Amino acid sequence: MPSHLLPVESPKVPAQAGVERDVRPAVEPIPFAGLRLVHAALRRDLTRLPNALRLLQPGDTAAGEALQRHWDFITAMLTCHHEQQDTRLWPLLRRFAPELRLLLNWLESDHHNLDHSFTRVTTLVRIATRDPASSWPVAYAVEELGARLETHLRIEERQLLPRMAGVFPAGSRIGTLPELLDLLRAAEGPSTSDALVWLLEGVDEQQVDRLLADCDDATARQWPHWRDTYARCTDELWGTQV
Numbered sequence: 001m002p003s004h005l006l007p008v009e010s011p012k013v014p015a016q017a018g019v020e021r022d023v024r025p026a027v028e029p030i031p032f033a034g035l036r037l038v039h040a041a042l043r044r045d046l047t048r049l050p051n052a053l054r055l056l057q058p059g060d061t062a063a064g065e066a067l068q069r070h071w072d073f074i075t076a077m078l079t080c081h082h083e084q085q086d087t088r089l090w091p092l093l094r095r096f097a098p099e100l101r102l103l104l105n106w107l108e109s110d111h112h113n114l115d116h117s118f119t120r121v122t123t124l125v126r127i128a129t130r131d132p133a134s135s136w137p138v139a140y141a142v143e144e145l146g147a148r149l150e151t152h153l154r155i156e157e158r159q160l161l162p163r164m165a166g167v168f169p170a171g172s173r174i175g176t177l178p179e180l181l182d183l184l185r186a187a188e189g190p191s192t193s194d195a196l197v198w199l200l201e202g203v204d205e206q207q208v209d210r211l212l213a214d215c216d217d218a219t220a221r222q223w224p225h226w227r228d229t230y231a232r233c234t235d236e237l238w239g240t241q242v
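In structure tokens, the structure reads:
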């Protein structure tokens, strides 16, 4: 798996039992929001991409290129997400929650399997966006991949996230949106602006405000511009199906 995330400072270890935390940030990060938002965005796009592929028309080069760019963006985000978990989150959990090691080993192995599956489907999507006559079987392949990924995401959400809440203290940045954006800023992958708007697409406005309050001031100031630019691109990409 290609490395997108550069080494960054190691996060603080979880607070130990019996040790009081006297200092809290003015706005505490929403627990594991970064992880949950990635899951939701992947589900959303793997649901609507098959229909977009089926609607491709011969000679519609612009639509085909837009779909290919978006697919490449999704796969890059998935790669960064897996790297964040395998290189930062899983090592911490193995140390502070050793009872989770077997589950973490399986999740890490499944990350590699999913990466291979996405690589295979990427080849198919590239064919379909250049030759819409082949788009229907490729759309089915994307749907199968989405179902395969859904199994993995549910295991993380149902078996891992509840346990993580007992490991990391309230106010921890582990798995939060600010931590994810910090990692992307040091990455050779998706831009922070594209990633943030992709993650927050379709999220309730009040929740968006709460999530942006966790971020730095520069991100909050630029959010309206990023959102409007992204909307113009996705309107062209998805049409009336969004």
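To convert, note that position 154 of the sequence shown is 154 in the UniProt record's numbering; the numbers rise steadily by one, no gaps. All C-beta atoms in this analysis are idealised placements derived from N, C-alpha and C, irrespective of residue type, glycine included. Please read all numbers here as calculations on a predicted model, not as lab measurements.
By DSSP, does Ala-187 sit in helix, in strand, or in coil?
Here residue 187 refers to the residue found at position 187 when the sequence shown is read from its first residue. Here Ala-187 sits in strand by DSSP.
Consult DSSP for Glu-201 and reduce its assignment to one of helix, strand or coil.
Residue numbering aside, residue 201 sits at position 201 when the sequence shown is read from its first letter. Three-state DSSP puts Glu-201 in coil, outside helix and strand.
If you draw a straight line from the C-alpha of Ala-195 to the C-alpha of Cys-80, how long is it?
The residue given as residue 195 occupies position 195 in the sequence shown. The residue given as residue 80 occupies position 80 in the sequence shown. Cα to Cα, Ala-195 sits roughly 11 angstroms from Cys-80.
For Asp-214, does the three-state DSSP call read helix, strand or coil?
If you number the sequence shown from 1, residue 214 lands on position 214. DSSP places Asp-214 in coil when its eight states are reduced to three.
Beta-carbon gap between residue 264 and Arg-94 smaller than 8 angstroms:
Outside the shown range of the chain, which is 1 to 242, sits residue 264, and nothing can be said about it.
Can you find the residues in the same chain that come closer than 7 angstroms, C-beta to C-beta, to Asp-86, ignoring five residues on each side of it along the sequence?
Working through the sequence shown from its first residue, we reach residue 86 at position 86. The residues are Glu-108 and His-111.
Would you say Gly-146 and Thr-47 are within 8 angstroms of each other, going by their C-beta atoms?
Here residue 146 refers to the residue found at position 146 when the sequence shown is read from its first residue. Here residue 47 refers to the residue found at position 47 when the sequence shown is read from its first residue. For Gly-146 and Thr-47, yes; Cβs fall inside 8 angstroms.
Classification of Glu-65 by the beta-carbon crowding that lies within 10 angstroms, buried from 16 upward
The residue given as residue 65 occupies position 65 in the sequence shown. Classification for Glu-65: exposed.
By how many angstroms is the C-alpha of Thr-176 removed from the C-alpha of Ala-33?
Counting from one through the sequence shown, the residue named residue 33 turns up at place 33. Counting from one through the sequence shown, the residue named residue 176 turns up at place 176. Approximately 5 angstroms between the Cα atoms of the pair.
At a cut-off of 7 angstroms, would you count Leu-200 as near the ligand ADP, judging by its Cβ distance to the nearest heavy atom?
Within the structure as shown, the ligand ADP is missing, as the structure has no ligands at all.
Shortest alpha-carbon distance to Thr-119 belongs to which of Trp-106, Ala-141 and His-225?
By 1-based counting over the sequence shown, the position of residue 119 is 119. Comparing Cα positions, the closest option is Ala-141.
How is the alpha helix (DSSP H) around Ser-135 delimited, first residue to last?
Within the sequence shown, numbered from 1, the residue matching residue 135 stands at position 135. Ser-135 -> alpha helix (DSSP H) spans 135-155.
What three-state label does DSSP hand Asp-195 in the structure shown?
Numbered from 1 along the sequence shown, position 195 holds the residue referred to as residue 195. Looking at the sequence itself, residue 195 is Ala, so the reference to Asp does not match. If DSSP states are grouped into helix, strand and coil, Ala-195 belongs with the helices.
Straight-line CA distance for Thr-192 to Asp-72?
As a working mapping, residue 192 is identified with position 192 in the sequence shown. As a working mapping, residue 72 is identified with position 72 in the sequence shown. Approximately 15 angstroms, taken between the alpha carbons.
Through-space distance from Leu-55 to Pro-132, alpha-carbon basis
For the purposes of this step, residue 132 is taken as residue 132 along the sequence shown, with counting starting at 1. For the purposes of this step, residue 55 is taken as residue 55 along the sequence shown, with counting starting at 1. Distance between the alpha carbons of Pro-132 and Leu-55: 9 angstroms.
Whose C-beta lies closer than 6 angstroms to the C-beta of Leu-160 among residues of the same chain, with five residues either side of it excluded?
By 1-based counting over the sequence shown, the position of residue 160 is 160. For Leu-160, where only same-chain residues beyond five positions count, there are no Cβ hits under 6 angstroms.
Classify Phe-118 as helix, strand or coil using the three-state DSSP reduction.
For the purposes of this step, residue 118 is identified with residue 118 of the sequence shown, where counting begins at 1. Here Phe-118 sits in helix by DSSP.
Could you tell me if Gly-189 is buried or exposed, where buried requires 16 or more neighbouring beta carbons within 10 angstroms of its beta carbon?
As a working note, residue 189 is residue 189 in the sequence shown. That one is buried.
Closest residue to Leu-100 among Ala-186, Gly-166, Arg-173 and Leu-183 (Cα-Cα distance)
Translated into positions along the sequence shown, residue 100 becomes position 100. Checked all of Ala-186, Gly-166, Arg-173 and Leu-183; the closest Cα to Leu-100 is Gly-166.
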